[in-house]
Amino acid sequence: MKVIIKSSEHDCAQEAFSLFQNAYQNGAKHFGLATGTTPLGLYELIRNSNMDFSDCISINLDEYVGLSRDNAHSYHHYMKEQLFAVKPFKHSFLPNGLATDEQGEIDAYEQLLSTYPIDFQILGLGSNAHIGFNEPGTPFTQTTHKVKLADATIRANSRFFENEQEVPQYAFSMGLASIMKAKEIVLLAFGRNKAQAVADLVQGPVTVDVPASILQTHPNVTIIIDEQAASLLH
Ligand code: GLP
0 MKVIIKSSEH DCAQEAFSLF QNAYQNGAKH FGLATGTTPL GLYELIRNSN MDFSDCISIN
60 LDEYVGLSRD NAHSYHHYMK EQLFAVKPFK HSFLPNGLAT DEQGEIDAYE QLLSTYPIDF
120 QILGLGSNAH IGFNEPGTPF TQTTHKVKLA DATIRANSRF FENEQEVPQY AFSMGLASIM
180 KAKEIVLLAF GRNKAQAVAD LVQGPVTVDV PASILQTHPN VTIIIDEQAA SLLH
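Okay, so the sequence shown: first residue is 0 according to numbering that gives the first Met the number 0, each after it adds one.
Next comes the structure, spelled out in structure tokens:
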């Protein structure tokens, strides 16, 4: 696991963009994408680049259960706004939050990952060290699944909604085992409220209590963090 510490979020986004571009130039075609505040700078750099994704596939980590793709809080909507409207892919996949056959949706999503194995995966980090929506306690063998969101996650994500009651309680998420199949993984984290999760992920034991700690066992992971997120590393 390589750890890169930069003085600003902008420099972190630049660093992640360089790795993304290298992967693209080296033939990566299947990109695993994340949502949240953290990758916004990276998506801006990609939007302003001359990269063309018309022969590429994107597969997102997760989506809220119960939100339609047009809902302004859905991750479908986020991805359209932040990337796809400017940089369309040949196919872009996110779980369907309104799927009535939930198990069918889950199985189909996991099948997608076999059809289009991810070359380059972008990750953010929850303040409780979740990746995707894999909350503490999720088995490392977990594949795509329906998740009951942790209270801490609902609280953290309520900043995007009118109030906490409006935050969906469930999400579909790629599992930790699904994420670990990616050839290359780049995780970004910024700010003091991610410092404990970063310290646990980088220097703590590999334990299901810290979902991101599984990344210690992946052969090609780069963690890109700002100084505040790095403040508890020794
Ligand atoms: C959400 C997403 C994660 C994301 C995390 C951090 O719950 N499911 O994929 O990495 O929260 O979000 P943020 O980047 O806004 O801090």
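We treat Cβ as the ideally placed atom computed from N, Cα and C, and that holds for glycine.
First through last residue of the alpha helix (DSSP H) which encompasses residue i
{"i": "E101", "result": "101-114"}
{"i": "Q195", "result": "194-202"}
{"i": "I224", "result": "Segment 220-225 is the beta strand (DSSP E) holding I224; no alpha helix (DSSP H) there."}
{"i": "H75", "result": "74-78"}
Straight-line gap, residue i to residue j (C-alpha atoms, nearest Å)
{"i": "M179", "j": "E163", "result": "31 Å"}
{"i": "E161", "j": "N70", "result": "13 Å"}
{"i": "I184", "j": "A22", "result": "11 Å"}
{"i": "G40", "j": "A151", "result": "24 Å"}
{"i": "T216", "j": "Y77", "result": "31 Å"}
{"i": "G35", "j": "A194", "result": "17 Å"}
{"i": "L187", "j": "P94", "result": "22 Å"}
{"i": "C11", "j": "S67", "result": "32 Å"}
{"i": "K147", "j": "F132", "result": "9 Å"}
Exposure of residue i, with buried meaning 16 or more beta-carbon neighbours within 10 Å
{"i": "H9", "result": "exposed"}
{"i": "H29", "result": "buried"}
{"i": "V85", "result": "exposed"}
{"i": "T137", "result": "buried"}
{"i": "Q24", "result": "exposed"}
{"i": "G123", "result": "buried"}
{"i": "H75", "result": "buried"}
Boundaries (first-last residue) of the beta strand (DSSP E) holding residue i
{"i": "S62", "result": "For clarity, residue 62 is Glu in the given sequence; the question names Ser instead. Segment 61-63, the beta strand (DSSP E) holding E62."}
{"i": "Q20", "result": "First-last for Q20: 8-24, but that is the alpha helix (DSSP H), not the beta strand (DSSP E)."}
{"i": "E183", "result": "183-188"}
{"i": "L122", "result": "119-122"}
{"i": "H144", "result": "144-147"}
{"i": "S172", "result": "169-172"}
{"i": "L32", "result": "29-32"}
{"i": "S177", "result": "It is not in any beta strand (DSSP E) - S177 instead sits in the alpha helix (DSSP H) that spans 175-179."}
Contacts around residue i, its chain only, beta-carbon distance under 7 Å, and the 5 residues preceding and following it disregarded
{"i": "T140", "result": "A176"}
{"i": "V64", "result": "G96, K145, P167, Y169, A170, F171"}
{"i": "E101", "result": "K145"}
{"i": "L82", "result": "Y42, I45, R46"}
Spatial neighbours of residue i in its chain, beta-carbon cut-off 8 Å, leaving aside the 5 residues before and after
{"i": "I153", "result": "E163, V166, Q168"}
{"i": "V209", "result": "A128, P135, A196, D199, L200, G203"}
{"i": "S234", "result": "The first residue shown for the chain is 0 and the last is 233, placing residue 234 beyond what the model contains."}
Distance CB(residue i)-CB(residue j) smaller than 8 Å
{"i": "N192", "j": "S126", "result": "yes"}
{"i": "A33", "j": "I121", "result": "yes"}
Closer than 8 Å to chain C by CB, residue i
{"i": "T36", "result": "Of the protein chains in the structure, only one exists, and it is not chain C."}
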